[in-house]
Amino acid sequence: MANLPKILVIFGTRPEAIKLFPVIHALRQAGGLTVRTCVTAQHRDLLDQVLSIAGIVPDIDLDLMEPGQSLDRLTARLLTGLGDVMDAERPDRVIVQGDTATAMVGALAAYYRRIPVSHVEAGLRSGDIWQPWPEEVNRKIVGTIADQHFAPTETATDALRRENVEPSSIHVTGNTVIDALFATRDRIASDPALAAGLDPVAHRFADKRLILVTTHRRENFGSGMESIARAIAQIADRDDVAILFPMHPNPNVTGVMDRLIGERGNLARIDPLDYPHFIRALELCHLVLTDSGGVQEEAPALGKPVLVMRETTERPEGVAAGTAKLVGTDADRIVAEVSALLDDAAGYRAMAHAHNPFGDGQAANRIANVVARSLRDAVGRRA
Ligand code: UDP
Numbered sequence: 001m002a003n004l005p006k007i008l009v010i011f012g013t014r015p016e017a018i019k020l021f022p023v024i025h026a027l028r029q030a031g032g033l034t035v036r037t038c039v040t041a042q043h044r045d046l047l048d049q050v051l052s053i054a055g056i057v058p059d060i061d062l063d064l065m066e067p068g069q070s071l072d073r074l075t076a077r078l079l080t081g082l083g084d085v086m087d088a089e090r091p092d093r094v095i096v097q098g099d100t101a102t103a104m105v106g107a108l109a110a111y112y113r114r115i116p117v118s119h120v121e122a123g124l125r126s127g128d129i130w131q132p133w134p135e136e137v138n139r140k141i142v143g144t145i146a147d148q149h150f151a152p153t154e155t156a157t158d159a160l161r162r163e164n165v166e167p168s169s170i171h172v173t174g175n176t177v178i179d180a181l182f183a184t185r186d187r188i189a190s191d192p193a194l195a196a197g198l199d200p201v202a203h204r205f206a207d208k209r210l211i212l213v214t215t216h217r218r219e220n221f222g223s224g225m226e227s228i229a230r231a232i233a234q235i236a237d238r239d240d241v242a243i244l245f246p247m248h249p250n251p252n253v254t255g256v257m258d259r260l261i262g263e264r265g266n267l268a269r270i271d272p273l274d275y276p277h278f279i280r281a282l283e284l285c286h287l288v289l290t291d292s293g294g295v296q297e298e299a300p301a302l303g304k305p306v307l308v309m310r311e312t313t314e315r316p317e318g319v320a321a322g323t324a325k326l327v328g329t330d331a332d333r334i335v336a337e338v339s340a341l342l343d344d345a346a347g348y349r350a351m352a353h354a355h356n357p358f359g360d361g362q363a364a365n366r367i368a369n370v371v372a373r374s375l376r377d378a379v380g381r382r383a
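The numbers in full-length UniProt numbering rise by one with no breaks, and the one at position 367 of the sequence shown is 367.
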């Protein structure tokens, strides 16, 4: 083992774990590498749910989550924590995913040690550093440091080219979220018990059209979240729909929802779902209302119209494909767009055609191949 090239995969949140577990499995399958995983646990509970389902036991667990911690405090703790890990592990390459503080700081700590960085889900850009905040800047920093950019789509590739990223360092792979989705859907199909917790919900709302809602974006905290809450309450006034709302545990979300949405028979506010249950919820629902990044990618792959409660998106592919629509956070607009989809069967059908612009489920293998080859070459040159 000692002479094998070593790769350190770093992540901290639920969406990173979902998008990296296929990559970790593919790297392990590629063979000839030592694959180490380090979690920072930016959101402990949500992360652990995914790890256990994906069968990944992290080699290093920094457990850096502190309630209500500021971005600068989190960033400082990540930098010293991840720096120490890199000094102890001395990896030949670091892999980070997406646009979290963990990804940004992981790339920076690697750069300080001249360790090359691979970026999974590279090239997503909204063009506005305040939306999403602070993710747009996080991913630009990672993009500046990385020497392997795994872009999910041609659109992401173009964004990197516009920033003068060396073209040979960009690899269009598809998004690993589709790998995770397909793998999990197959697992549920062969073992329905994995997502059976939703059976009572499906039964209870069998005569209604189910709207799946998620919201957690930092830039929506405050007035945006209040507006979203008012919209949800108004939509729930319709008796032909039911709302399934797995609520992010952030107090900026729960506090507003507690205050502005009362109890209603057709509104199920529930704890965050584990990943197989969430995929099942996507399958069961009629439409999706979300400000999430990952959900914007998953819903089109399952033919579910998705209304995005944001002003901009770094995932224009879903909008271009006609399966996603940006609706912002104005309550009246959200209600009007949801009503339009509910009441206009032709409009609904036009959005609901299953079209998946985000990948073919083979992204992780492509990434693992590139990473493994480059590491073997680099270590071979050193020998
Ligand atoms: N997700 C989940 N349970 C939930 C809500 C979402 O497993 O209750 C998954 C979802 O399938 C998607 C990911 O979490 O892959 C999205 O995470 P989130 O919306 O927290 O973050 P973002 O994608 O916006 O960074």
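Beta carbons: idealized from backbone N, C-alpha and C, even for Gly.
Predicted model only: the values in this text are computed from it and were never measured.
For R269 and T254, the gap between their C-alpha atoms comes out near 10 Å. Sequence-distant partners of L4 (beyond 5 residues in either direction) whose C-beta falls short of 7 Å from its own C-beta, in its chain, are G32, L33 and T34. When the beta-carbon positions are compared, P357 and T173 stay at least 8 Å from each other. With a contact defined as Cβ atoms closer than 8 Å, P276 and M247 miss out at about 18 Å. Counting only residues of its own chain and dropping the five nearest sequence neighbours on each side, D92 has a CB closer than 6 Å to the CB of P5, K6 and L375.
Taking a cut-off of 8 Å for Cβ pairs, the stretch 217-230 and the stretch 189-198 do not touch, as fewer than three such pairs fall below it.
Short note on G294: C-beta closer than 7 Å to some heavy atom of ligand 1. Taking a contact as a CB-CB distance under 8 Å, the pair L260 and I243 does not count as one, their CB atoms being some 14 Å apart.
Within the stretch 288-326, the complete beta strand (DSSP E) segments of 3 residues or longer fall at 306-308 and 324-326, listed in chain order. Annotation: I53 to P251 spans about 26 Å, alpha carbon to alpha carbon. Annotation for L62: T40 and G81 place their beta carbon closer than 6 Å to its own, counting only its chain and skipping 5 residues before and after.
DSSP places R114 in the coil class of the three-state scheme, outside both helix and strand. Between V94 and G83 the beta-carbon gap is near 12 Å, outside 8 Å, which marks them as no contact. Taken through DSSP and simplified to helix, strand or coil, F245 comes out as strand. In this structure, the straight-line span from the alpha carbon of W133 to that of D59 is close to 30 Å.
In this structure, the CA atom of G328 is about 17 Å from the CA atom of G294.
Note that the C-beta distance between A26 and I334 is not below 8 Å.
The three-state secondary structure of K208, taken from DSSP, is coil. Within the model, the alpha-carbon separation for R73 versus R14 is close to 20 Å. Contact check for D360 against I178 passes: the beta carbons are separated by less than 8 Å.
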